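This report concerns only the one structure given below.
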Amino acid sequence: MAAGDEQAFAVLYRRYQGPIYRFGLLMCGSVNIAEEVTQEVFLVLVTSGSRFDPSRGLLLPYLYGLARIQVLRFLKRERPYVSLVDETDGERSSERFIAKDDPFGDCSRNEVVRLVRQAVLTLPPRYREVVVLCDFQEISCTEAAIALDCALGTVSSRLHRGRLLLLKKLSVMGKRDSAQVNAPQTRCFA
Amino acid sequence: MKCLEFELIVTDLARNRSNDLPPERALAHAEGCDRCATRLVHEQALSYGVRAVMAEIGTAEPSPRVETALLAAFNAHFAQKAPSTTSTTLLSRRPRLSFRLAFVFAILLILISIPPILWLRSRSLTGVPEVISQNPSAGSIPSLSADPGAGAKPRPGAGTSRQKSQRPFVVNHPNVTETNAPEEVTEFLPLADGEDLTLLEAAQVVRVELPVSALMDLGLRVGPEISPGQVKADILVGHDGSARAIRFVR
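Structure representation (structure tokens):
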């Protein structure tokens, strides 16, 4: 790839695009930002790929590190704005309305997915990135430490704290949702 | 098993991962401990949620236009790079070189600026007292008498604590050391006719050097015995910043 072999770059991109895109998606909750993050990461790899040192670790943690920098930049930039459109499901939103074998199961699973993704997005970024990498992307703490450029102990403690925070947020959100469902219906006298 | 040990393996247990400790022991502990049982249930729920999310987005990929754009960028990058490899390496080295030069220049600048600073510091410590006019304590007015030592007399009716805080008014001049003889000063002459200076709430005395011609502008008569040139004077400035009175110093 360093010699300008387009085919090699395409192979490398197809191998790693998925994890990087999903990392961006889980970190930002936006399809557009996740795509931008993926694009930026591979652009950095093209322009300054020589910075990658194989003796320090594998390519995937390095790419996660680049993705993390881009995500934090996007989060900082997008902080003042609130999305009017729920684009968390992006192009697949229409698929939600197609019932499969078990409509009730699909419905409840969709609800769980929505809750978990919302809860992840409300985590502070330093916990969110560790939880996303270790729990969702299932990379080891050692690789996460390389990606985040911090000590292994820091990753472990953040992961533990992040999981507890996530559980807390999930229970709060679950209670809130059930309260909304159980709320007495107001009658319209119009 | 203790709760602490259980806490260490609860995540692996909820996700059915292998661990050093046998899961039977952990499950047995959870049966006897309500807190750990709840913790395990929560962890299992979280694990279920994580699996559901990954099942949902596990195969998600960016749209093909990203790949197209990246391949175009890749080709453009290498097409640009190919003709002049040596020049690009030189260009990439240039910022580092300029950074080093800037660093050396900064160090030199610091080294050059240290001796004058030290010299100025030593001069200010051993040398002349600071140039200033001191503000007589708030609420008091310098004396209008000609005695410079008895500068700030307390106003009648002022409290005892005020009196303690008031210090005799001294004016230092940059060219006059404290060892010199005391200056002779005149009384304060109000600049506005009929103004009672004792009514001033707060005032500040500012040492100035005026040309003799300026005295005439202030409405003061200048006798022939005063030689032309600069005259030293103290101006009494009110809290509103306007000059209220003047006295001459010799």
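First to last, the sequence lines map onto chains A and B.
Its first residue numbered 13, the first sequence is counted upward by one per residue in the numbering used here.
Its first residue numbered 796, the second sequence is counted upward by one per residue in the numbering used here.
By construction, the Cβ of each residue, glycine as well, lies at the ideal position given by its N, Cα and C atoms.
Everything numeric in this text was worked out from a predicted model, so none of it was measured.
Residue i versus residue j - alpha carbon distance
i, j, result
"residue 158 of chain A", "residue 70 of chain A", "9 angstroms"
"residue 78 of chain A", "residue 30 of chain A", "15 angstroms"
"residue 54 of chain A", "residue 861 of chain B", "10 angstroms"
"residue 137 of chain A", "residue 36 of chain A", "12 angstroms"
"residue 40 of chain A", "residue 134 of chain A", "10 angstroms"
"residue 799 of chain B", "residue 823 of chain B", "15 angstroms"
"residue 81 of chain A", "residue 893 of chain B", "27 angstroms"
"residue 148 of chain A", "residue 857 of chain B", "18 angstroms"
"residue 1013 of chain B", "residue 977 of chain B", "27 angstroms"
"residue 173 of chain A", "residue 179 of chain A", "10 angstroms"
"residue 127 of chain A", "residue 60 of chain A", "38 angstroms"
"residue 44 of chain A", "residue 827 of chain B", "49 angstroms"
"residue 1002 of chain B", "residue 89 of chain A", "56 angstroms"
"residue 895 of chain B", "residue 903 of chain B", "12 angstroms"
"residue 32 of chain A", "residue 162 of chain A", "19 angstroms"
"residue 19 of chain A", "residue 871 of chain B", "14 angstroms"
"residue 152 of chain A", "residue 129 of chain A", "21 angstroms"
"residue 887 of chain B", "residue 167 of chain A", "Because the pLDDT of residue 887 of chain B is 49, which lies under 50, any placement of that residue in the model is unreliable, and the number read from its coordinates should be weighed accordingly. So the alpha carbons of these two residues sit roughly 35 angstroms apart."
"residue 86 of chain A", "residue 912 of chain B", "46 angstroms"
"residue 26 of chain A", "residue 866 of chain B", "12 angstroms"
"residue 16 of chain A", "residue 875 of chain B", "11 angstroms"
"residue 838 of chain B", "residue 63 of chain A", "39 angstroms"
"residue 1038 of chain B", "residue 1019 of chain B", "26 angstroms"
"residue 937 of chain B", "residue 1042 of chain B", "At residue 937 of chain B the pLDDT is 42, less than 50, meaning the model places this residue with poor confidence; the figure from the coordinates comes in the next sentence. Whole-angstrom Cα-Cα distance: 11 angstroms."
"residue 1032 of chain B", "residue 1024 of chain B", "24 angstroms"
"residue 999 of chain B", "residue 1028 of chain B", "13 angstroms"
Residue i - DSSP class collapsed to helix/strand/coil
i, result
"residue 990 of chain B", "coil"
"residue 70 of chain A", "coil"
"residue 980 of chain B", "strand"
"residue 137 of chain A", "helix"
"residue 985 of chain B", "strand"
"residue 58 of chain A", "helix"
"residue 1017 of chain B", "coil"
"residue 856 of chain B", "coil"
"residue 810 of chain B", "coil"
"residue 828 of chain B", "coil"
"residue 149 of chain A", "coil"
"residue 64 of chain A", "coil"
"residue 30 of chain A", "helix"
"residue 155 of chain A", "helix"
"residue 175 of chain A", "helix"
Residue i: CB within 8 angstroms of a non-hydrogen atom of the ligand GDP
i, result
"residue 807 of chain B", "In the structure shown, the ligand GDP is absent, as is every other ligand, since no ligand is present at all."
Paired residues, beta bridge with residue i - DSSP
i, result
"residue 1006 of chain B", "B/1025"
"residue 1031 of chain B", "B/1000, B/1040"
Residue i burial status per 10 Å Cβ neighbour count (16 or more: buried)
i, result
"residue 821 of chain B", "buried"
"residue 1006 of chain B", "exposed"
"residue 65 of chain A", "exposed"
"residue 909 of chain B", "exposed"
"residue 73 of chain A", "buried"
"residue 907 of chain B", "exposed"
"residue 996 of chain B", "exposed"
"residue 142 of chain A", "buried"
"residue 831 of chain B", "buried"
"residue 150 of chain A", "exposed"
"residue 1035 of chain B", "exposed"
"residue 852 of chain B", "buried"
"residue 833 of chain B", "exposed"
"residue 970 of chain B", "Since pLDDT at residue 970 of chain B reaches only 45, below the 50 mark, its modelled position is unreliable, and the value read off the structure follows with that caveat. Answer is exposed; the Cβ neighbour count stays below 16."
"residue 899 of chain B", "exposed"
"residue 51 of chain A", "buried"
"residue 1011 of chain B", "exposed"
Inset, instruction - Output, in sequence order along the chain, the residues in the region 848–860 of chain B whose CB is closer than 9 angstroms to any CB in chain A. - result: 848, 849, 850, 851, 852, 853, 854, 855, 856, 857, 858, 860
Legend entry - Where the region 800–813 of chain B meets chain A: residues whose CB sits under 8 angstroms from a CB there: 806
Legend entry - Cβ-based contacts, 8 angstroms cut-off: residues of the region 829–846 of chain B near chain A: 837, 838, 840, 841, 843, 844, 845
Legend entry - Near-chain B residues of the region 168–182 of chain A - C-beta to any C-beta below 8 angstroms: Those residues of the region 168–182 of chain A that come within reach of chain B (Cβ to Cβ, closer than 8 angstroms) are 175, 178, 179, 182.
Inset, instruction - Give, in chain order, every residue of the region 34–67 of chain A whose Cβ lies closer than 8 angstroms to some Cβ of chain B. - result: 34, 37, 38, 46, 47, 50, 51, 54, 55, 58, 59
Inset, instruction - Note down, in chain order, all residues in the region 115–131 of chain A with a beta-carbon under 9 angstroms from any beta-carbon belonging to chain B. - result: 121, 122, 124, 125, 127, 128, 129, 131
Legend entry - Residues in the region 14–36 of chain A having any Cβ partner in chain B nearer than 7 angstroms: 16, 18, 21, 22, 25, 29, 30, 33, 34
Inset, instruction - Check distances from the C-beta atoms of the region 137–150 of chain A to those of chain B and list, in chain order, the residues that come in under 7 angstroms. - result: 147, 148
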